Amino acid sequence: MRALAVELGEKGITANAIAPGFFLTEANAAAFVEPRIVELARRIPLQRFGRPDEVVGAAIFLASDAASYSTGQVLPVDAGLSTAL
């Protein structure tokens, strides 16, 4: 993101990303009951997996004019897991 921000900034283009954590969906629900995955949830500061709707706010922010002065950033949406590692 930082390299893209430098390259595209002079064209007025912002470059940001979302770094999602572990999100429980219908497609992966069966895997999320395995003991090693359940143990992973205990290591997440909020001690749970995300719901897909919980990443929407970050996407809306980065796509909106509210983020017009932000570029080269990676926004973690991971219940604090990246901070705890």
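Numbers in this note's numbering are just positions in the sequence shown, counted from 1, shifted up by 2.
Idealized CB from N, CA, C, for every residue including glycine.
Given the structure is predicted, the values throughout are model-derived calculations rather than measurements.
Rounded distance between the beta-carbons of residue j and residue i, thought under 8 Å
| i | j | result |
| --- | --- | --- |
| I15 | V57 | Not really, about 22 Å apart at Cβ, beyond 8 Å. |
| V79 | G23 | 7 Å |
| L83 | P47 | 7 Å |
7 Å CB neighbourhood of residue i in its chain, flanking five on each side removed
| i | result |
| --- | --- |
| M3 | A17, N18, A19, G74, Q75, V76 |
| A33 | I39 |
Cβ-based neighbour list, residue i, same chain, cut-off 6 Å, excluding 5 preceding and 5 following
| i | result |
| --- | --- |
| L6 | A17 |
Residues bridged to residue i [DSSP beta-bridge criterion]
| i | result |
| --- | --- |
| L6 | In DSSP, L6 forms no bridge with anything. |
| A19 | V76 |
Sub-8 Å separation of residue i and residue j beta-carbons
| i | j | result |
| --- | --- | --- |
| A81 | G59 | no |
| R50 | A43 | yes |
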